[in-house]
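The sequence shown begins at 194 in the numbering used here and counts up by one.
One structure is given below, encoded as structure tokens.
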Amino acid sequence: MTHKIGIHLSYWQESWSDPLIPLFQRAKTAGFDLVELPLLAPFTMDFPGLKSALDALGLSASCGTGLGQQTDITSPDPDTRAAGMAHLQACLEGAAILGSPVLGGLTYAPWGIFPDTDRTARRAQCVESLKQAAVLAESLNVTLCLEVVNRFEGYLLNTVQQGLALIEDVGHPNLRLHLDTFHMNIEEDDLAGAIRLAGEKLGHFHCVANNRKAPGRGHIDWAGVRSALHSIAYRGFLVAESFVNPAGEVGQGLYIWRDLADSLDANAQEIARFLRQEVAFDD
Ligand SMILES: [Mn+2]
194 MTHKIGIHLS YWQESWSDPL IPLFQRAKTA GFDLVELPLL APFTMDFPGL
244 KSALDALGLS ASCGTGLGQQ TDITSPDPDT RAAGMAHLQA CLEGAAILGS
294 PVLGGLTYAP WGIFPDTDRT ARRAQCVESL KQAAVLAESL NVTLCLEVVN
344 RFEGYLLNTV QQGLALIEDV GHPNLRLHLD TFHMNIEEDD LAGAIRLAGE
394 KLGHFHCVAN NRKAPGRGHI DWAGVRSALH SIAYRGFLVA ESFVNPAGEV
444 GQGLYIWRDL ADSLDANAQE IARFLRQEVA FDD
């Protein structure tokens with residue numbers, strides 16, 4: 194079996210609410226096997242309609258989301274936590290309809306929110322909330338994956354070591370780590386070593402250059418990454434999560450201030466070729 198390769202659809206979005214279905218064909222044409230759908234407002238999404246559109250093109254799906262201040266499952270406020278659990282439930286149900294084996298991203302804490310006190314209590318609350326979320330995910334046959342992100346986007350999980358400790362504290366087998374080479378490049382001493390440390394707990398993987406350009410454009414050691422993924426027998430998806438377009442609220446929200454690719458579609462084709470030839474491997 195060779196890895197399925199995918200692309201995060203926000204690659205083509207300028208607004209977070211840009212419709213996703215028109216992007217499926219562009220991903221297919223570029224050469225991807227699957228698309229990663231950002232589930233930012235899951236209550237408004239037509240999951241059966243999205244699934245039909247994926248099936249029509251023979252595309253698989255992966256799913257990611259991000260909690261926010263109003264949906265923070267680490268919050269001391271029970272109503273905020275309940276809103277967060279409802280958001281995760283809607284995302285997990287959507288992922289199940291789409292046939293995505295994983296829900297990744299900021300599934301455990303809000304994106305870009307940094308409380309200046311009570312971080313220890315929030316981590317403890319996070320553990321309690323994830324115990325419930327993991328059970329729910331398991332009942333839907335979706336693996337809940339926690340994305341380890343850099344210090345500018347989150348405080349709770351910056352390294353694989355922290356991720357493994359959190360999973361250990363939750364103690365449920367349906368939790369995995371979601372790693373991303375852009376974040377790892379900032380925080381880990383050794384990317385390949387971090388992947389090996391994650392081992393069988395690695396559930397989802399984002400491929401991106403150190404500067405968020407196409408994988409292969411920057412200075413990530415892809416041969417080392419591939420060899421580490423091989424050594425842990427990683428069988429999940431390889432999803433490109435490049436952000437190269439400064440336009441709109443997506444470019445602004447991700448701090449893209451200059452064009453990092455000439456043509457989005459040609460660059461997407463280059464990404465698909467690179468992932469298939471330089472990162473994916475046969476068992
Ligand atoms: Mn990512």
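Glycine included, C-beta positions come from ideal geometry on N, C-alpha and C.
Cβ neighbour criterion (16 or more within 10 Å) applied to residue i
i       : result
Thr-336 : buried
Arg-428 : exposed
Gly-257 : buried
Tyr-448 : exposed
His-412 : exposed
Gly-386 : exposed
Arg-312 : exposed
Pro-269 : exposed
Thr-237 : exposed
Asn-438 : buried
Asn-334 : exposed
Gly-445 : In the sequence on display, residue 445 carries Gln and not Gly. By the 10 Å Cβ count, Gln-445 comes out exposed.
Same chain, Cβ closer than 8 Å to residue i, five either side skipped, listed in chain order
i       : result
Arg-344 : Asn-351, Ile-379 and Glu-380
Cys-319 : Ile-266, Thr-267, Tyr-301, Ala-302, Leu-349 and Leu-359
Arg-316 : Thr-267, Leu-349 and Leu-359
Arg-466 : Gly-224
Gln-355 : Val-341 and Leu-349
DSSP bridge partner residues for residue i (one or two, in chain order)
i       : result
Arg-369 : Cys-338
Val-432 : Gly-199 and His-399
Leu-260 : Pro-303
Glu-229 : His-201 and Ser-255
Leu-296 : Cys-256 and Leu-337
Asp-475 : Thr-195
Any chain B beta carbon closer than 7 Å to residue i
i       : result
Ala-288 : In the structure shown, chain B does not exist; there is a single protein chain.
Distance cut-off 6 Å: residue i Cβ against heavy atoms of ligand 1
i       : result
Glu-380 : no
Asp-373 : yes
Glu-229 : no
His-399 : yes
Glu-471 : no
Glu-346 : no
Glu-393 : no
Glu-434 : yes
Same chain, Cβ closer than 7 Å to residue i, neighbours up to 5 away in sequence not counted
i       : result
Glu-340 : Gly-297, Gly-298, Leu-299, His-371 and Asp-373
Whether residue i touches residue j by CB criterion (7 Å)
i       : j       : result
Leu-227 : Gly-199 : yes
Pro-241 : Gly-287 : no
Leu-390 : Ala-326 : no
Ser-435 : Ala-407 : yes
Lys-324 : Val-295 : no
Lys-197 : Phe-430 : yes
Val-432 : Ser-255 : yes
Val-401 : Glu-207 : no
Leu-285 : Ala-330 : yes
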